[in-house]
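I have placed the structure first, in the form of structure tokens, so that the comments after it can refer back to it.
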Amino acid sequence: MTDDTTLDRRRFVQATTAAGATLLLAGCSGGGGDGGDGSDGSDGGDSSDGSDGSDGGSGGDGGDTQYLAEEPDYGGWFDGANNYEQTVDATGQDEVTVDVGAGDGLAFGPAAVAVSPGTTVVWEWTGQGGGHNVAAESGDFESETVQEEGHTFEYTFEEPGTYEYVCTPHSSVGMKGAVVVQ
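Numbering (the numbering used here), first residue to last: 182 to 363.
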């Protein structure tokens, strides 16, 4: 019975976190400028998968979250990760924004994003969850650890591949992300 209660609490926390992140990001997404294609926050109805809110930053080039038709094999990278359900398809965009401190403050939003070569990913701090950084497992990039809202770090992805990254201070609690360049 304890396992069922724990599982129910986890589902409640995940659903509540996703709903809060969706509301937070819906309020923030209006500043992107290009907004246009139905950016009405309507992606909150994608069943109860907890990935809503990971939309946080497809760069202001539309509000409806689109996912890759075929999910990449991350080889278990996202086991135990916060806020990961599917990979957001942001291919064809010049710049993509990922929130640092999304959801309950201990997630990236979106956790996984697909981009085209030459795309710049901008990680933007929400100010939630304490001090965060963005550190590639490969060592290709690493930001400083910052807590303040609005801080940004960017990296331009030139080569195809999968780039896994973490928030070093919160990696043990599942604050992981990935950028797939295709």
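Just so you know, even glycine gets a beta-carbon here, dropped at the ideal spot from N, CA and C.
Hey, out of the options, whose CA is closest to residue i's CA?
{"i": "V315", "options": "T272, K357, D254 and N263", "result": "K357"}
{"i": "Y248", "options": "A317, A262 and Q267", "result": "Q267"}
{"i": "E330", "options": "V281, V296 and N264", "result": "V281"}
{"i": "V296", "options": "A250, T246 and F338", "result": "F338"}
{"i": "S319", "options": "T326, D285, N264 and Y344", "result": "Y344"}
{"i": "T300", "options": "D245, D275, A250 and G284", "result": "D275"}
{"i": "P298", "options": "D245, G256, C348 and Y336", "result": "Y336"}
{"i": "V277", "options": "N263, D260, T349 and T246", "result": "T246"}
{"i": "T349", "options": "V327, E340 and Q363", "result": "V327"}
I'd like to check one pair, residue j with residue i: are the Cβ atoms closer than 9 Å?
{"i": "A288", "j": "G355", "result": "yes"}
{"i": "V302", "j": "V279", "result": "yes"}
{"i": "P253", "j": "A293", "result": "yes"}
{"i": "G310", "j": "H351", "result": "yes"}
Quick check on residue i: buried or exposed, where buried means 16 or more other Cβ atoms within 10 Å of its Cβ?
{"i": "T333", "result": "exposed"}
{"i": "A359", "result": "buried"}
{"i": "A271", "result": "buried"}
{"i": "E340", "result": "exposed"}
{"i": "G284", "result": "buried"}
{"i": "L206", "result": "Note that L206 scores 34 on pLDDT, short of 50, meaning its location in the model is unreliable; the coordinates nonetheless yield the value given after this. Buried is the call here."}
Rounded to a whole number of angstroms, what is the C-alpha to C-alpha distance between residue i and residue j?
{"i": "W258", "j": "S324", "result": "20 Å"}
{"i": "S353", "j": "Y346", "result": "13 Å"}
{"i": "G312", "j": "V361", "result": "25 Å"}
{"i": "A286", "j": "T307", "result": "Ala is not the amino acid found at residue 286; the sequence shown has Gly there. About 8 Å."}
{"i": "Y255", "j": "A262", "result": "12 Å"}
{"i": "T250", "j": "W304", "result": "For clarity, residue 250 is Ala in the given sequence; the question names Thr instead. So the alpha carbons of these two residues sit roughly 24 Å apart."}
{"i": "G273", "j": "Q363", "result": "10 Å"}
{"i": "F322", "j": "Y265", "result": "21 Å"}
Any heavy atom of the ligand MG within a distance shorter than 8 Å of the CB on residue i?
{"i": "D270", "result": "Inclusion of the ligand MG in the displayed structure is not the case, the ligand content being empty and no account of it being possible."}
Exercise for review: Output the residue ranges of the alpha helix (DSSP H) runs that lie fully inside the segment 247 to 284 and measure 4 residues or longer, sorted by chain position.
Suggested key: none
Review point. Fully enclosed by the segment 283 to 314, which beta strand (DSSP E) runs are 3 residues long or longer?
Key: 288 to 290, 293 to 296 and 300 to 306
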